[in-house]
Amino acid sequence: MLPLRWLRPLGAGRAFLSTPVIGILAVGSAAAAPLGSGLNWPVSWPAASVAPLATGVVNGRVVDAKSSPLPGVTVVVEGTTLGATTNEEGVFSIPNVPAGQHTLVYSSVGFTTARISVTVLDGKPVQAPLTTLGENAQALSEAVVVGYGTQRRQDVTGSITTIDSKQFVKGQVTNPEQLVQGKVAGVQITTAGGAPGAGSQIIIRGGSSLSASNSPLFVIDGVPVTNDGLAGAGNPLSLINPNDIESITVLKDASATAIYGVRASNGVIIVTTKKGLAGEAIRVNVSTQHSIATVAKYVPVLTGDQFRDVVLNNGNYQQQALLGTENTDWQRAIYRPAYTTDNNASVLGALGKVPFRASVGYLSQQGLLKRNDLNRYTGNLSLTPVLLDGNLRVELNVKGSWIDNNFSDQSAVGTAVG
111 MLPLRWLRPL GAGRAFLSTP VIGILAVGSA AAAPLGSGLN WPVSWPAASV
161 APLATGVVNG RVVDAKSSPL PGVTVVVEGT TLGATTNEEG VFSIPNVPAG
211 QHTLVYSSVG FTTARISVTV LDGKPVQAPL TTLGENAQAL SEAVVVGYGT
261 QRRQDVTGSI TTIDSKQFVK GQVTNPEQLV QGKVAGVQIT TAGGAPGAGS
311 QIIIRGGSSL SASNSPLFVI DGVPVTNDGL AGAGNPLSLI NPNDIESITV
361 LKDASATAIY GVRASNGVII VTTKKGLAGE AIRVNVSTQH SIATVAKYVP
411 VLTGDQFRDV VLNNGNYQQQ ALLGTENTDW QRAIYRPAYT TDNNASVLGA
461 LGKVPFRASV GYLSQQGLLK RNDLNRYTGN LSLTPVLLDG NLRVELNVKG
511 SWIDNNFSDQ SAVGTAVG
């Protein structure tokens, strides 16, 4: 018989003996289990504990080039959602950073971005090196076109968005509005259809009228243009070769559009075309793009033979008398592979003190529906001489376009399917 005191070293919290213990004690079971003959032994064990995830706190300070504290700097642990913003003293603190090697990314408007590596230890605060951010003079002094002329971006208070040629939508672009589609917040561009030359409706910050026009005012190289008198064109942008556009600026609020008055009640879209630069060597650029579009899927309908079988089995005498013998697939009869080619050539540079740029373009676009196509010819000449020792700047812009657009009867689609 085992004495009760023998159970204590084995880790039992309490035990009740009713008969002698015969056998070997099983240690490690948390439930009551019979050991030997007639022994009920409930054992209490300490609850298992899991070590918490090792984390630490990252502290630091940010200053400018003059060693003055920088408030409002965003500091983010790269690859995570952890971050903080510096206070008035330029100090920040990021808690709960997992242990290990991390990269801190410092960013602030008007300053360069910095990246600092730190090592976080378990439960210990880490002091990041003193970080100095330099001014980003290029971003602050960038010229922005507004209604009153040009201003530095840091001086602009209105809602303005500029998309330049590096940010334009890539790929096959036939209309200028496609260059900024999905690029500007608050600007909705809706195409009337997929046919070549189909007009697009542009709405800035939602419609402002139920009955009047909601289209913005277009300003092309400083010349305001409206939709009035442009029969056959969805908007004035459709007359411009996208290859000639340098940037597109969208003016959204009243402070930015005030100079244009009531015409700008729906916003303003400013288009700046490419021009030559003083002292630039003469260059020739030639580009060509080709694409093909096909119908992704045809609507499954009965063939001519299948339709005749249905009429012969279920139709009356008059319907059966109208049956023909052809087996035409009308969907494939009206659709075709649509080819598009866009060819452009330009020459730019400077002749003495006269910068210039001349370009020509030809667009041939077929629609998926037969007899639906577009041919557009464009030409552009830009002269920007600076005279009188830089005191007089003259801009001469000449643009021309000729569009031949053929439309097909859209009702043919429903007839072919039905």
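Residues in the sequence shown are numbered consecutively from 111, following this note's numbering. The beta-carbon is built from N, C-alpha and C at its ideal position, and this holds for glycine as well. Model, not experiment: these values are computed from the prediction.
Just verifying my parser: in three-state terms, what is the DSSP assignment at residue 519? Coil.
Where does residue 376 fall in DSSP's three states? DSSP places residue 376 outside both helix and strand once states are collapsed to three, so it counts as coil.
Should the segment 164-174 be regarded as contacting the segment 233-240, the criterion being three or more beta carbon pairs within less than 8 Å? Touching, yes, given that three or more Cβ pairs across the two stretches are closer than 8 Å.
Figure out for me which residue from 308, 300, 281 and 440 has the closest Cα to the Cα of residue 56. Shown here, the chain extends from 111 to 528; a query on residue 56 therefore has no answer.
Do the segment 417-433 and the segment 500-508 meet, that is, are 3 or more Cβ pairs less than 8 Å apart? These segments do not touch.
Nearest to residue 298 (by Cα), restricted to the options 437, 181, 495 and 312: Checked all of 437, 181, 495 and 312; the closest Cα to residue 298 is 312.
Is the Cβ-Cβ distance between residue 187 and residue 201 less than 7 Å? No, these two residues do not count as a Cβ contact at 7 Å.
Report yes if the CB atom of residue 515 is closer than 7 Å to the CB atom of residue 307, and no otherwise. Yes.
Distance check for residue 463 and residue 499, CA to CA, integer angstroms please. In a straight line, the C-alpha of residue 499 is about 10 Å away from that of residue 463.
Count the other C-beta atoms from every protein chain shown that fall within 10 angstroms of the C-beta of residue 547, then say buried if there are 16 or more, exposed otherwise. The first residue shown for the chain is 111 and the last is 528, placing residue 547 beyond what the model contains.
Kindly identify the DSSP beta-bridge partner or partners of residue 245. Residue 245 is bridged by DSSP to 221.
Along the chain, where does the beta strand (DSSP E) containing residue 327 start, and where does it finish? 327-330 is the extent of the beta strand (DSSP E) around residue 327.
Rounded straight-line distance, which links the Cα of residue 270 to that of residue 229: Going by the C-alpha atoms only, they are around 41 Å apart.
Beta strand (DSSP E) segment containing residue 468, residue limits: Where residue 468 is concerned, the enclosing beta strand (DSSP E) stretches over 464-476.
Quickly, what does DSSP pair residue 449 with across the bridge? List them, please. Beta-bridge pairing links residue 449 to 402.
Pull up the distance between the alpha-carbon of residue 358 and that of residue 280, whole angstroms please. Looking at the backbone, the Cα of residue 358 and that of residue 280 are separated by about 15 Å.
Sort out for me which residues DSSP pairs residue 419 with in a bridge. DSSP lists no partner for residue 419.
In this structure, does DSSP put residue 461 in helix, strand or coil? Per DSSP, reduced to three states, the secondary structure at residue 461 is strand.
Does DSSP put residue 282 in a helix, in a strand, or in coil? Coil.
In angstroms, rounded to a whole number, what distance separates the CA positions of residue 296 and residue 314? The straight-line gap from Cα to Cα measures roughly 6 Å.
For residue 459 and residue 284, what's the separation of their Cα atoms in angstroms? Straight-line Cα distance between these residues: approximately 26 Å.
Delimiting residues of the beta strand (DSSP E) encompassing residue 194: Looking at the DSSP string, the run of the beta strand (DSSP E) that includes residue 194 is 193-195.
Which residues share a DSSP beta bridge with residue 512? Note: residue 512 sits in a beta bridge opposite 487.
Per DSSP, residue 393 forms a beta bridge with which residues? Residue 393 is bridged to 458.
Quick one: Cα of residue 415 to Cα of residue 520, how far? Those two C-alpha atoms are separated by around 26 Å.
Does DSSP put residue 251 in a helix, a strand or coil? Residue confidence for residue 251 is low, a pLDDT of 49 falling below 50, so the modelled location carries little weight; the figure read from the coordinates is stated next. Note: residue 251 maps to coil in three-state DSSP.
Three-state secondary structure assigned by DSSP to residue 371: Residue state, collapsed to three classes: helix.
Please check the pair residue 203 and residue 194, which I expect to be a contact at CB under 8 Å, by giving their CB distance rounded to whole angstroms. The C-beta distance from residue 203 to residue 194 rounds to 6 Å, short enough to fall under 8 Å.
Should the segment 435-449 be called in touch with the segment 383-390, which here means at least 3 C-beta pairs below 8 Å? Counting C-beta pairs with one atom in each stretch, the segment 435-449 and the segment 383-390 have fewer than three that are closer than 8 Å, which means they do not touch.
List the whole-angstrom C-beta distance separating residue 452 from residue 433, where the pair is believed to meet the contact cut-off of C-beta under 8 Å. Contact flag wrong, Cβ pair sits at about 47 Å.
Can you list, in chain order, the residues of its chain whose CB lies under 8 Å from that of residue 503, leaving out five sequence neighbours each side? Setting aside the 5 residues that flank it on each side, residue 503 is surrounded in the same chain by 494, 495, 496 and 497, each with a C-beta closer than 8 Å to its C-beta; the list follows chain order.
Tell me whether residue 171 sits in a helix, a strand or coil according to DSSP, three-state version. Strand at residue 171.
Residues in its own chain within less than 7 Å of residue 158 by CB, not counting five upstream and five downstream? With a pLDDT of 45 at residue 158, under the threshold of 50, the modelled position of this residue cannot be trusted; read the value that follows with caution. Counting only Cβ-Cβ distances below 7 Å, and skipping sequence neighbours, we find nothing.
Compute the beta-carbon to beta-carbon distance between residue 305 and residue 517, rounded to the nearest angstrom, for a pair I have assumed lies under 8 Å. Residue 517 and residue 305 do touch by the CB rule: their CB atoms are close to 7 Å apart, below 8 Å.
Residue interval of the beta strand (DSSP E) (run including residue 311): Counting along the chain, the beta strand (DSSP E) containing residue 311 begins and ends at 310-314.
Can you give the Cα-Cα distance for residue 244 and residue 346, rounded to whole angstroms? Looking at the two C-alpha atoms, the distance is approximately 43 Å.
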